[in-house]
Amino acid sequence: MKKTGISNGKIILIGEHSVVYGEPAIAIPFLATAIETVIETTTGPVILDCFFYKGPLSQAPKRLLNLATVIKETVKTLAKPLENFTITISSTIPAERGMGSSAAVAVATIRALFRYFDEPLSNTVLLELTNISETIAHGNPSGLDAAMTSSNSPLYYVKGQEFEFFPLNMTAYLVVADTGITGQTKEAVEHIAQLYQSAPKQTGYLIKQLGQLAKKTKLAIEKNQAITLGTNMTQAHKLLSSLGVSNRELDCLVDTALDSGALGAKLTGGGRGGCMIALAKNETAAKRLATDLLEAGAQHTWLYNMRKDGYDD
Ligand SMILES: C[C@@](O)(CCO)CC(=O)[O-]
Numbered sequence: 001m002k003k004t005g006i007s008n009g010k011i012i013l014i015g016e017h018s019v020v021y022g023e024p025a026i027a028i029p030f031l032a033t034a035i036e037t038v039i040e041t042t043t044g045p046v047i048l049d050c051f052f053y054k055g056p057l058s059q060a061p062k063r064l065l066n067l068a069t070v071i072k073e074t075v076k077t078l079a080k081p082l083e084n085f086t087i088t089i090s091s092t093i094p095a096e097r098g099m100g101s102s103a104a105v106a107v108a109t110i111r112a113l114f115r116y117f118d119e120p121l122s123n124t125v126l127l128e129l130t131n132i133s134e135t136i137a138h139g140n141p142s143g144l145d146a147a148m149t150s151s152n153s154p155l156y157y158v159k160g161q162e163f164e165f166f167p168l169n170m171t172a173y174l175v176v177a178d179t180g181i182t183g184q185t186k187e188a189v190e191h192i193a194q195l196y197q198s199a200p201k202q203t204g205y206l207i208k209q210l211g212q213l214a215k216k217t218k219l220a221i222e223k224n225q226a227i228t229l230g231t232n233m234t235q236a237h238k239l240l241s242s243l244g245v246s247n248r249e250l251d252c253l254v255d256t257a258l259d260s261g262a263l264g265a266k267l268t269g270g271g272r273g274g275c276m277i278a279l280a281k282n283e284t285a286a287k288r289l290a291t292d293l294l295e296a297g298a299q300h301t302w303l304y305n306m307r308k309d310g311y312d313d
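Residues 1 to 313 in the UniProt record's numbering are what the sequence shown spells out, letter by letter.
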């Protein structure tokens, strides 16, 4: 027997980090990237076959602790024996680039396991199990990555509140550019937590500002106001920079994007590496931006047509 589970990448448009503190965030599915987990019947111990490792699940390296734990917890939830199958994971979501790869791996694998054992999977259970993995990966996840990598509609997200999906429907393009440097989400989240302790007033102020921008951004999207969206993105990047979660490479790509006519630009995801996004008014401007970003050192770029709520390449 063979069963499959899938998930997609995600892009945070606005509100990363502040979402951990209860402020709203807006994320969009990044269907250009995906993860597929295949579970196949074999005999003997569970075998894991993925990007970093192939071998018995029980001997998986420490960097796969979140994945190994979520597999064990899922099988426990299903009350099934942890043996006699092989888990093969393939991914086009670049790892540790702020695109939600850790949550997406968990989502695809939980889905595959539930299908393999022919059990229905509720969204609540899916998100609870994914957050076990995310807690190991990030320490204090907001739940946004789990919510977005398991869905293909744009989401206005507030931790602990009901999900608010909404149509993007904007006449604009995003260019997503990968610095090629692995992001440090866990360190960045911990850094802000420490900052909150050492400078609560200043940190709280910056976090609130990010929340305000997310609220304004939702209105701008509803009114198809690309210029306002761009301005908010650039403003958010400045706030995230002040919180210490940008780095030289991200700042350089943001500056390049703005110099080359982007309506706005910012880091996306945990920061300190990973990806940035830039807003372009149309496809021609987006293609020019992508070329300039590659020349400035980006390792890879993707174009995202916000009108079609999908992507173009
Ligand atoms: C940095 C963060 O806001 C997003 C990481 O993709 C962390 C989280 O929401 O759990």
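Each residue gets a CB set at the ideal place from its N, CA and C atoms; glycine is no exception. Note that the structure is predicted; figures quoted are calculated from it, not measured.
(message) Taking the alpha carbon of residue 376 as the reference point, which residue from L267, G22, R272, V38 has its own alpha carbon closest?
(response) Only positions 1 to 313 of the chain appear in the structure, and residue 376 is not among them; the question remains open.
(message) On the criterion of 16 or more Cβ atoms from any shown chain inside 10 Å, does N8 qualify as buried, or is it exposed?
(response) buried
(message) Helix, strand or coil for V70? Go by DSSP, reduced to three states.
(response) helix
(request) Please confirm whether any heavy atom of ligand 1 lies closer than 8 Å to the CB of I12. (result) yes
(message) Between E40, G261, N282, which has its C-alpha nearest K3's C-alpha?
(response) E40
(message) What ranges does the beta strand (DSSP E) occupy inside the region 6 to 57, keeping only unbroken runs of at least 3 residues that lie completely in it?
(response) 25 to 45, 47 to 50, 53 to 56
(request) May I ask you to check if the CB of residue 358 is nearer than 8 Å to at least one heavy atom of ligand 1? (result) The structure shown has nothing for residue 358, since the chain only spans 1 to 313.
(request) Mind checking which residues open and close the alpha helix (DSSP H) that includes L293? (result) 283 to 295
(request) Run the proximity test for E187: is its beta-carbon closer than 8 Å to any non-hydrogen atom belonging to ligand 1? (result) no
(message) Below 8 Å on the Cβ atoms is my contact criterion, and I expect T179 with N224 to pass it. Report the Cβ-Cβ distance as a whole number of Å.
(response) Their Cβ separation, rounded to whole angstroms, is 30 Å, which puts T179 and N224 out of contact at 8 Å.
(message) Tell me the DSSP secondary structure of N84 in three-state form.
(response) strand
(message) Out of S198, G98, P141, F52, which one is the CA nearest neighbour of S246?
(response) G98
(request) Check whether the region 181 to 197 touches the region 32 to 49, counting contact only when three or more Cβ pairs, one atom from each stretch, lie closer than 8 Å. (result) no
(request) Can you tell me which of the three DSSP states M276 falls into? (result) strand
(request) Take every Cβ of the region 111 to 119, pair it with every Cβ of the region 153 to 164, and state whether three or more of those distances are shorter than 8 Å. (result) no
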